[in-house]
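Only one structure is covered here, and it is reproduced in the block below.
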Amino acid sequence: MDLKERAAQLVRDRRPFVHATVVRAQPPTSSHTGDEAILLQDGTIEGFVGGQCAQNSVRTAALGVLERNESVLLRVLPDGAVQFPETPGAAVVVNPCLSGGAMEIFLEPQVPPPLVRICGTTPIAQCLAGIAELLGFTVEHDDAGQFAATTAVVLAGHGGPEAEVIRAALDAGVGYVGLVASRTRGGAILDTLGLTESERARVHTPVGLDIGARTSAEIAVSIAAELVQQLRRAGLRAPEDGSARQAAVEAVDPVCGMRVVVGPDTVHLRRDGHDFWFCGPGCRASFAPETGAV
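So the sequence shown is residues 1 to 294, counted in full-length UniProt numbering.
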């Protein structure tokens, strides 16, 4: 499949990625304006945005883009470059292993919106679903305890197997579990679960910020506000999918000092049982004779 189809598939699967586009290339470079690639969380690159040394700079920058969920214009320059046009606001990386060319690459994160699962069909649940969608969240109604890739679970059914759902959500790693209940009823339900301190901190009951809410719509607003607070201030995220690839690991090239993302295609060698990772075959070739590594 082409990159457009691949990106659409990743969006459907709710897998974060970075879309990279070369917006300026100064010879000598192997890339051209308009070249594109997709970079995944494990450092995998699909597509082309430059040779191996340039790719290492892009990989490392892409990890930061995903972490911050903010786009960036990356300027990849050879050591001592002074002729490439200035671009205010761009992030600059000096790559001593480039052949002399320079590039600007726009890195745009594609991070799935928070997934909120709402249990129940009460007026509060219905109002919350509308507000959450207005905020750009993905909303699913789920009373069956399926919590894969879920950012938050809100129980707004006023009864039913609430304790079982809370337990299942916590076991699935959900970071925010909200229970619509009075302080007395909510506390009684939690007392039956024998929660650890860290688990108890993830359960919010009475759910929502204290804004004096009375109506169903006002209570839904208070819950949505608490979700935003948790996302923006507490760093709430969906749990890692156990079936997903492991996050990328970084190392430092012992020759040029570049940070490189360790992956199946990263150049490396072993010496005395230790691994060394390189930005490209040139650094590896210059390192191996001096150390006797293989």
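All C-beta atoms in this analysis are idealised placements derived from N, C-alpha and C, irrespective of residue type, glycine included. These figures come from a predicted structure and were not determined experimentally.
Own chain, CB closer than 6 Å to residue i, minus 5 neighbours either side, in chain order
| i | result |
| --- | --- |
| E199 | L170 |
| P112 | R14 |
| P96 | D79 and C256 |
| A129 | I118 and V139 |
Helix, strand or coil at residue i [DSSP, three-state]
| i | result |
| --- | --- |
| G130 | helix |
| V213 | Position check: residue 213 holds Ala in this sequence, whereas Val was assumed. A213: coil per DSSP, three-state reduction. |
| V111 | coil |
| L63 | helix |
| N95 | strand |
| L10 | helix |
| E250 | strand |
| Q55 | helix |
| F287 | helix |
Candidates the options: closest to residue i by CA position
| i | options | result |
| --- | --- | --- |
| V65 | F276, A20, G194 and Y176 | A20 |
| V174 | P109, L115 and L74 | L115 |
| T215 | E162, P123 and V49 | P123 |
| A25 | A62, V72, A90 and G101 | G101 |
| I118 | E86, I166, L77 and G89 | I166 |
| V93 | E108, C53, N69 and A132 | C53 |
8 Å Cβ shell around residue i - same chain, five flanking residues per side excluded
| i | result |
| --- | --- |
| I38 | L3, R6, A7, L10, F17, V18, H19, A20, I45, E46 and G47 |
| R202 | L170, V174, G175, Y176 and V177 |
Distance between residue j and residue i (C-alpha atoms, nearest Å)
| i | j | result |
| --- | --- | --- |
| A251 | D210 | 46 Å |
| R233 | E104 | 32 Å |
| Q110 | G212 | 37 Å |
| I189 | L135 | 30 Å |
| residue 299 | V76 | There is no way to answer for residue 299, as the model of the chain reaches only from 1 to 294. |
| A156 | A61 | 41 Å |
Opposing strand residues paired with residue i [DSSP bridges]
| i | result |
| --- | --- |
| C119 | L155 |
| H19 | I38 and E108 |
| G47 | A37 |
Proximal residues to residue i (C-beta, below 7 Å), its chain only, five neighbours per side dropped
| i | result |
| --- | --- |
| S182 | P206 |
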